[in-house]
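Okay, here's the thing in structure tokens:
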């Protein structure tokens with residue numbers, strides 16, 4: 001209010017020169033408009049970015065823990081550096097996907113190139129790879145060489161889980177040789193059954209399986225016996241139903257590339273025993 005009074009006094013004192021009054025008024029109006037249109041000196045407006053998925057370590061783990069998942073840690077590092085708040089919550093997978101497509105959350109973790117992924121904004125930089133890896137006991141010499149190499153083997157799978165088309169079809173044809181575990185600890189149970197000799201082979205996304213093997217203390221009992229040659233990228237995918245999400249996707253890409261160039265990305269990944277997908 002004090003500044004407004006000063007401006008009025010200044011105008012009244014120069015009424016003898018109408019042209020100068022007009023010029024000064026014009027400058028004041030332009031300054032006010034500029035202040036309204038430009039962001040504050042502190043930077044862009046801080047947004048609340050809500051990211052969600054079902055727990056799938058090492059990408060995203062238990063909320064509130066000291067290891068919430070490397071994607072969660074990367075998102076916080078990148079977006080908080082830009083002045084935004086990141087909120088991570090867990091939802092069942094299908095609900096998380098629907099929430100992303102409907103705009104109820106800002107982004108969904110681990111979205112692939114499948115149809116649902118095409119309904120969201122995927123940054124140019126992915127958050128990792130999905131590649132199915134096969135595991136046996138360390139005393140086995142079996143090596144994966146296509147789904148036909150699984151014939152006659154006792155295999156552990158996760159109920160309701162889709163691996164890749166050829167393997168899914170094989171599992172559907174050979175239920176007599178398939179042991180199915182379900183629930184959040186299904187992978188761990190399958191790995192332990194292989195380690196104990198009750199199963200010969202199990203498989204999962206390599207990053208997830210490797211993390212679970214280390215967490216379960218099975219490194220000396222299990223070996224990697226090959227991978228499906230085909231890998232697909234996974235994304236922190238942003239909804240199209242909220243403002244600024246294309247900007248967030250660009251921030252993610254810029255942040256990952258900056259961390260890759262500086263070598264800091266490796267620090268985030270090493271905490272979770274994850275290989276850098278840029279080098280695979």
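Numbering (this note's numbering), first residue to last: 1 to 280. Beta carbons: idealized from backbone N, C-alpha and C, even for Gly. It should be emphasised that the depicted structure is a prediction, and the values quoted were computed from it without experimental measurement.
- Under the rule that a run must span 4 or more residues, the alpha helix (DSSP H) segments found entirely inside the stretch 152-213 read 165-173, 186-195.
- Between the beta-carbon of residue 132 and that of residue 228 there is about 4 Å, and that keeps the pair under the 8 Å contact cut.
- When the beta-carbon positions are compared, residue 237 and residue 117 come within less than 8 Å of each other.
- The beta-carbon separation of residue 230 and residue 164, rounded to 7 Å, stays under the 8 Å limit for a contact.
- For the pair residue 100 and residue 108, the CB atoms are nearer than the 8 Å cut-off.
- Judged by their CB atoms, residue 47 and residue 84 are nearer to each other than the 8 Å cut-off.
- Look at residue 253 here: in three-state DSSP terms it is helix.
- For residue 247, the three-state secondary structure derived from DSSP is helix.
- The residue from 106, 60, 178, 224 with its alpha-carbon nearest to that of residue 195 is 224.
- At the C-beta level, residue 136 and residue 80 stay beyond 8 Å of one another.
- Secondary structure of residue 81 (DSSP, three-state): helix.
- CA-to-CA, the gap between residue 232 and residue 277 works out to about 11 Å.
- Annotated three-state conformation of residue 105 is coil, per DSSP.
- Put simply, the stretch 235-252 touches the stretch 119-126. At least three CB pairs are less than 8 Å apart.
- Counting the other CB atoms within 10 Å of its CB gives residue 92 a total below 16, which places it among the exposed residues.
- Under the criterion of beta carbons closer than 8 Å, residue 54 and residue 90 qualify as touching, at roughly 6 Å.
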